[in-house]
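Going line by line, the protein sequences match chains A and B. In terms of our numbering, the first sequence opens at residue 6 and continues consecutively. In terms of our numbering, the second sequence opens at residue 1325 and continues consecutively. Note that beta-carbon positions come from the ideal geometry of N, C-alpha and C, so glycine has one too.
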Amino acid sequence: MKRVQFEHSPLPYLFIAPQIIIIVIFFLWPAGQAIYQSFLLEDAFGLSSKFVWFRNYKDTIFSDAWLQAAGFTIVFSTIVTVLSLGLALLLAVKANEVLQGARTYKTLLMWAYAIAPPVAGLMGNLMFNPLVGDMYKFMNAIGFDFDHKLDPWDASFVVILISVWKQVSVNFIFFLSGLQGIPNSVIEAATMDCKSSFRRFWTITFPLLAPTTFFLMVINITYAFFDTFGIIDTTTQGAPGGATNTLVFKVYQDGFRGADIGGSSAQSVVLMLMVLALTVIQFRFIEKKVHY
Amino acid sequence: MKLLSMLTAGAMTLAIPASAQTDIQFWHAMGGRLGEVVEEIATKYNESQDTYNLVPTYKGGYEDTMTAGIAAFRAKQQPNIIQIFDAGAATIINAKGATIPVADLMTEHAGGFDSADYIEGVRYFYADSDGKMIGMPFNSSTPLLYWNKDIFAEVGIDAPPATWEEFEAMAPKFKEAGYQALAQSHSPWIFAENFHSRHNLQMATANNGYDSTDVEILYNNDAMKMHWGKVKAWLDEGYYGHYGREWGANQDAFVQKKTAMWMGSSGSFGGLTTSADFQFGASYLPYWTSVIDEPKGTFIGGAALFAMAGKSDEENAGTADFLKFLTSPEMQYFWHKETGYVPITNAAYEMAKADGYYETTPDAEVGILQLTQPGAEWTKGYRLGFYVQIREVMYAQFDNILSGSSDVDTAFDAIEEEANALLKRFNDSMN
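Below you can see the structure in the form of structure tokens.
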């Protein structure tokens, strides 16, 4: 390929400056501080401070509580991502086929889009309240011995349900617009060649949706890792027995509630590395299968 | 022109006192009705004198307030006064140079200080190992047993249980009538910390942590394990209700008549008066006669006010002046009546008695009576670092006991191991 050299002008730099400044102030600077703090053992007020190499990493990462949170975070994120993508895709495909009252359907499915995670969490908490919650009563009425205050499975079910519910409508909007972006001519040609709509979906529609799916996958994994904080905080707070504790919630617990700045910095650095690795894997290996 | 000069003169007279006043920043964690009472106290103080202007700011819950104070101190923007809760006491008191001990502050700026003015149960909790008060107890409460008099009458019992043995004997009657016997709102505070005080058991080495940060937890003891084995048995029998770790959810179970008894704070009294549509009473924390013959007092929960270091003499004088105002019998009595927290000075308690307050509302006195029960070696409290995290460990392991995923021995071994690792870490961060 021939490289074309344009004349340099400072103007483009000026245009990207606001973005760069935001990244530096809100990401690079705090991330640098976290890395620096993760090597220090300090009292909360910063009056005595000493450099301890990897002590903070060793103390926090090898603790049972952190390992338990890491295990739950991975399982939880996988389930939330797969379910919220799968359900949203199913709903989008079906809603796209509806002819009568299509707008009403779509509006109803987008309904929950703008709800913030803590609000979703509070609503879920109320619905699963052992004294007044309808969902709690329903689960027990249909024969489950449902007790999310003590049963780890039930508690996981509650936080996964709320997290998926909150995210499905966001994914739905993207999938729907992705579906509407597929040219009708392609669909019609495919319909003539193959009468199985199931096969048509997997051979034509789904590959054409791949860029949307990939984008949503990245967004949903980030959501499951970080944004579900608000849901955990307003529902289980990691209970019972730390069974629903996520890594980001633990960083908050140890750093912001427990005043252990070194330890929570070390945890957040590890979390940052995990998400970085995950993102690299996504872009290096999965994106190759995506055709734009 | 005349109008203009009049206006200027008017503005001047308004402006002069304001600009001459010294602002005293006060960060607190009192939300809802409690926050309103704090605002009322600030207004009363500001109206009582015109040298200082107290500015109270609500900073969220206890942990949020502590974190805000720490961040502000690191940025050299700390307030004059900050409210720190019991579990955070070790964090702020061990950080030498973060605060001015109130005993020193009051001696220097408010004409003296005598810790004997304070009631027995609050005198030592926020003091150093020599008994010198570092923090000024503010909202002081103690765990109490509340009982639904209507349900008790229905099942034919006329008094709440004084001991856990009595509780076990009466619990089946509540179950027969369709009620759970008991719920409680704070397992670490009620079923661990005050359990040790009530039974005069040592909680941690190094004098419950007052003497040193080099300390180990002693929760893994037979009495504690016996108690939690019983709690699990009560849960399985349907005598005990577990509504999660949220304070309100367990209190709601009592208010909605699911449970006949509930253990909460003496500070819950005011709230229950408005929310419960039944007759209820307050009583002492039960104890095991198998562990101790004569129960001891409990120690305070709640929070204290700390004077932060790095402020000018003028502002420190203002801080001392406000603390003196706050601990005056009149203000303490006001705070006690409005919130249900106990009055922290003997003078305020005497004033409430003389006023006949406890004749009309005898239950309001139960908390202070429990706090003034005979003290003993292990009733003054505890001073343990990273105690917020240790409480998290306890919450998690208590869940495991109740859900049956761990037996009591395994759970307490885990508490001991994890708590000691945290305490060691805290000790290393201080030295």
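Taking only beta-carbon positions, decide if Tyr-1567(B) is within less than 7 angstroms of chain A.
So, interface residue.
What in chain A is Cβ-close to Arg-1357(B), meaning under 7 angstroms?
The premise fails here: Arg-1357(B) is roughly 21 angstroms from chain A at the closest Cβ pair, so nothing lies under 7 angstroms.
The alpha helix (DSSP H) with Val-256(A) in it runs from where to where?
Val-256(A) -> alpha helix (DSSP H) spans 252-257.
Please check if any C-beta of chain B sits within less than 7 angstroms of the C-beta of Ala-22(A).
Ala-22(A) does not count as touching chain B.
For the stretch 255-275 of chain A and the stretch 169-184 of chain A, state whether three or more C-beta atom pairs, one from each stretch, are separated by less than 8 angstroms.
No, the stretch 255-275 of chain A does not touch the stretch 169-184 of chain A.
What residues in its chain sit with their C-beta under 7 angstroms from that of Thr-239(A), if we drop five residues either side in the sequence?
These residues qualify, in order along the chain: Pro-123, Gly-126, Leu-127, Asn-130.
Could you run through the stretch 155-168 of chain A and flag, in chain order, every residue whose CB is less than 8 angstroms away from some CB of chain B?
Those would be Leu-155, Asp-156, Pro-157, in chain order.
Once DSSP output is grouped into helix, strand and coil, what is the label at Leu-213(A)?
Reduced to three states, the DSSP call for Leu-213(A) is helix.
What is the DSSP secondary structure of Ile-1461(B), reduced to helix, strand or coil?
The identity of residue 1461(B) in the sequence shown is Pro, whereas the question assumes Ile. Reduced to three states, the DSSP call for Pro-1461(B) is strand.
In three-state terms, what does DSSP make of Pro-157(A)?
Three-state result, Pro-157(A): helix.
Quick test of your reading: Ala-1584(B) and Trp-1471(B), contact by CB under 8 angstroms. State the CB separation rounded to the nearest angstrom.
Ala-1584(B) to Trp-1471(B), Cβ: 7 angstroms. Contact.
List, in order along the chain, the chain A residues whose C-beta lies closer than 8 angstroms to that of Lys-1420(B)?
The answer, in chain order, is Leu-52.
On a Cα-Cα basis, can you pick out the residue from Ala-93(A), Phe-162(A), Ala-121(A) that is closest to Leu-113(A)?
Selected option, being the one with the closest Cα: Ala-93(A).
Could I get the ranges of all uninterrupted alpha helix (DSSP H) runs contained in the stretch 1527-1578 of chain B, with 4 residues as the minimum, in chain order?
The stretch 1527-1578 of chain B contains these whole alpha helix (DSSP H) runs: 1529-1532, 1546-1561.
So if DSSP puts Gly-1605(B) in a beta bridge, which residue, or which two residues, is it bridged to?
Gly-1605(B) is bridged to Trp-1471(B).
With a CB to CB cut of under 7 angstroms and the five nearest residues on each side skipped, what residues in its chain are close to Asp-1474(B)?
If we look at Asp-1474(B) and ignore the five residues flanking it on each side, its Cβ neighbours are Phe-1602, Gln-1603.
Note down, in chain order, each residue of its chain lying with its Cβ closer than 7 angstroms to the Cβ of Arg-1522(B), except the 5 sequence neighbours on either side.
Excluding sequence neighbours, Arg-1522(B) sits near Leu-1609, Tyr-1611, Pro-1619, Lys-1620, Thr-1622.
Kindly indicate which residue of Ser-89(A), Ser-68(A), Gly-138(A), Gln-105(A) has the alpha-carbon position closest to the one of Glu-1742(B).
Checking every option, the nearest Cα to that of Glu-1742(B) belongs to Ser-68(A).
Runs of 3 residues minimum, wholly inside the stretch 37-77 of chain A: which ones carry the beta strand (DSSP E) assignment?
Here the runs fully enclosed are 45-47, 54-56.
What's the call for Tyr-297(A), buried or exposed, on a 16-neighbour Cβ count within 10 Å?
Classification for Tyr-297(A): exposed.
If you measure beta-carbon to beta-carbon, which residues of the stretch 257-274 of chain A are closer than 9 angstroms to chain B?
Going along the stretch 257-274 of chain A in chain order, one finds Gln-258, Asp-259, Gly-260, Phe-261, Arg-262, Gly-263, Ala-264, Asp-265, Ile-266, Gly-267, Gly-268 with a Cβ nearer than 9 angstroms to chain B.
Taking just the CA atoms, how far does Leu-1525(B) sit from Gln-1669(B)?
For the record, residue 1669(B) in the displayed sequence is Thr; it is not Gln. So the two alpha carbons sit approximately 26 angstroms from each other.
Nearer than 6 angstroms: is that true of the beta carbon of Phe-1602(B) relative to any heavy atom of the ligand ATP?
For the structure depicted, the ligand ATP is absent and the ligand set is empty, with no information on it obtainable.
Determine whether the beta carbon atoms of Leu-1726(B) and Lys-1499(B) lie at a separation below 7 angstroms.
The answer is no: Cβ separation not under 7 angstroms.
Taking a cut of 8 angstroms between CB atoms, which residues from the stretch 1393-1407 of chain B lie near chain A?
So the list reads Ile-1394, Phe-1397, Arg-1398, given in the order they occur along the chain.
Does the stretch 176-183 of chain A come close enough to the stretch 1729-1749 of chain B that 3 or more CB-CB pairs lie under 8 angstroms?
The answer is no - the stretch 176-183 of chain A does not touch the stretch 1729-1749 of chain B, with fewer than three Cβ pairs under 8 angstroms.
According to DSSP, simplified to helix, strand and coil, what is His-1352(B)?
Here His-1352(B) sits in strand by DSSP.
How would you call Val-164(A), buried or exposed, if buried means at least 16 neighbouring beta carbons within 10 angstroms?
With 16 or more other Cβ atoms within 10 Å, it is buried.
For the beta strand (DSSP E) containing Trp-1586(B), list its first residue and its last residue.
Element bounds for Trp-1586(B): 1583-1589.
Report all residues from its chain with a CB closer than 6 angstroms to the CB of Ala-1606(B); omit the five preceding and five following residues, and keep chain order.
Cβ within range, chain order: Leu-1468, Tyr-1470, Asp-1687, Val-1690.
Are any of the Cβ atoms in chain B nearer than 7 angstroms to that of Leu-46(A)?
At least one chain B Cβ lies under 7 angstroms of Leu-46(A).
Please list the residues of the stretch 1569-1588 of chain B that have a C-beta atom closer than 9 angstroms to any C-beta atom in chain A, keeping them in chain order.
Those residues of the stretch 1569-1588 of chain B that come within reach of chain A (Cβ to Cβ, closer than 9 angstroms) are Arg-1569, Glu-1570, Ala-1573, Asp-1576, Ala-1577, Gln-1580, Lys-1582.
Checking contacts by CB at 7 angstroms: is Asp-1752(B) closer than that to chain A?
Yes, Asp-1752(B) lies at the interface with chain A (some Cβ there is under 7 angstroms from its Cβ).
Which first and last residues belong to the alpha helix (DSSP H) in which Pro-1380(B) is found?
No alpha helix (DSSP H) holds Pro-1380(B); the beta strand (DSSP E) holding it covers 1376-1382.
By a C-beta neighbour count over all protein chains shown, 10 Å radius and 16 as the cutoff for buried, is Gln-1402(B) buried or exposed?
Label assigned to Gln-1402(B): buried.
Which of the three DSSP states is assigned to Phe-1437(B) in this structure?
Note: Phe-1437(B) maps to coil in three-state DSSP.
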